[in-house]
């Protein structure tokens, strides 16, 4: 049903559509989370945004490892080039966004180093390492598809105009632009292609990754003392 | 001696300097190869350049796999970012150079697909896969340092002005520019840091990779019938 359009359902369900449907209601809870709603209006308190970005910057480190593993395990040259260009973007523009945002939020290097990983960050690092270590392209893709498609899904719903504060606006644009959409399309097509042969493995990684995404938004609002 | 300067030798030899010295005379034979000399003057016959680039484009595929493995096995976030940006450049600008060069040389898709791998290309693919599969950061670095430092070494010797033909000139510039030099400096510093603990492994991969680089230039002149 998720993949049907205009009341007809003649297309066979895509594998990634099945995975997403099976992850409900977690997927929709994440995409419609308070964090997303407040991001769209620029209303996220600085303390929450700082907590979120510190953890997400650590996520980025393990995420790069997983992308490297996906590139190394991909089975076509075209896929490797596609991962390669995306890895370049993440290591360049996206990392630079974090550094500018930390400066704007007054988050210093020592705070970034001192803040402990939240339980969710620890869980994300573990699942990304686990997926990388399977050396299964399908496993790596299952986690990557969640991390990217779920972000595309909420970012695509952002109303115009975006908030004035670049910390909010650029975080939306990084996940709602046409290049990013193209990358998500590529990831889904790859998982549609190689996933069905390892369906149980994919379902397991996908479901756990969606639960972590939801927790990740929750954790930004949890005041630790 | 290789790392000494102005007649003094008070700095301890760098590990990568030791590796390079142990790979002689192969290293110098490659850096001073006829291919390099003819590249500098723009004198490489189109048939030779086409043969060389077809094989090198296949090298790029395995090379990306090795870079992805190095990113995944690197032990610091800063190193992952550095690999990530370089992977982006290789997947973008460098791959685009190949496509433009193939067009200029009249090398069509079917010729690129039909030409068999040379023995050297097969050897390169094997050593890169082998290095990636060790999951040893030092092993991956040993092959990467050869592939990049040896190219920096010859490209740094290119006289000005560069040849008019972009197929020759850009191939030199891709390996002689300051960004590329910075990446080689990074690779060497990483191997200087992690290599000594696995010295035998590094020597073995380094020596074999240098021999393959020399064969790679040779193969471009070998007319297969």
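Residue numbers (my numbering), protein chains in the order written: chain A, 255 to 479; chain B, 255 to 479. Don't be surprised by glycine CBs; every beta carbon is placed ideally from N, CA and C.
Measure the Cβ-Cβ separation of residue 341 of chain B and residue 342 of chain A and say whether it is below 7 Å. yes
Whole-angstrom distance between residue 415 of chain A and residue 295 of chain A, CA atom to CA atom: 9 Å
Contact set between the region 327-343 of chain B and chain A, restricted to residues whose Cβ is under 7 Å from the partner: 331, 334, 335, 338, 339, 341, 342 and 343
Going by C-alpha distance, which of A:337, A:363 and A:348 is nearest residue 421 of chain A? A:348
Which ranges does the alpha helix (DSSP H) cover as unbroken runs of at least 4 residues, wholly within the region 292-330 of chain B, from first to last along the chain? 300-327
Determine the burial state of residue 417 of chain A: buried for a count of at least 16 other Cβ atoms within 10 Å of its Cβ, exposed for fewer. buried
Could you give the distance in angstroms between the alpha-carbon of residue 378 of chain B and the alpha-carbon of residue 313 of chain B? 7 Å
Under a three-way DSSP split, which group does residue 224 of chain A fall into? Since the displayed chain A opens at 255 and closes at 479, residue 224 of chain A lies outside it and no answer follows.
Starting from the beta carbon of residue 319 of chain B, find every residue of chain A whose beta carbon is closer than 9 Å, and list them in chain order. 325, 326, 327, 328 and 334
Three-way DSSP call (helix, strand, coil) for residue 335 of chain A in this model: helix
Could you check if residue 273 of chain B is buried or exposed, using at least 16 other CB atoms within 10 Å of its CB as the buried criterion? buried
Would you check if the distance between the CB atom of residue 463 of chain A and the CB atom of residue 400 of chain A is smaller than 7 Å? yes
Tell me which residues of the region 365-395 of chain B have at least one Cβ-Cβ distance to chain A shorter than 9 Å, keeping chain order. 386
Take residue 337 of chain B and list the residues in its own chain whose beta-carbon comes closer than 7 Å to its own, dropping the five residues that flank it on each side. 321, 324, 325 and 328
With 16 other CB atoms within 10 Å as the buried threshold, where does residue 350 of chain A fall? exposed
Taking the alpha helix (DSSP H) that residue 469 of chain A belongs to, which residues open and close that run? 453-475
Listed in chain order, which residues of the region 292-316 of chain A have Cβ atoms closer than 7 Å to some Cβ of chain B? 315
Per-residue burial, residue 333 of chain B [other beta carbons within 10 Å of its own, 16 or more giving buried]: buried
Are the C-beta atoms of residue 349 of chain B and some chain A residue less than 7 Å apart? yes
Closer than 8 Å by C-beta to residue 261 of chain B: which residues in its own chain qualify, once you throw out the five before and the five after it? Chain order, please. Legend: pLDDT at residue 261 of chain B = 48, less than 50; position of this residue unreliable, no value from coordinates given.
Give the interface partners of residue 322 of chain B over in chain E, defined as CB-CB distance under 9 Å, in chain order. The question asks about chain E, but that chain is absent: this structure's protein chains are A and B.
Among A:267, A:408 and A:452, which one has its Cα closest to the Cα of residue 395 of chain A? A:452
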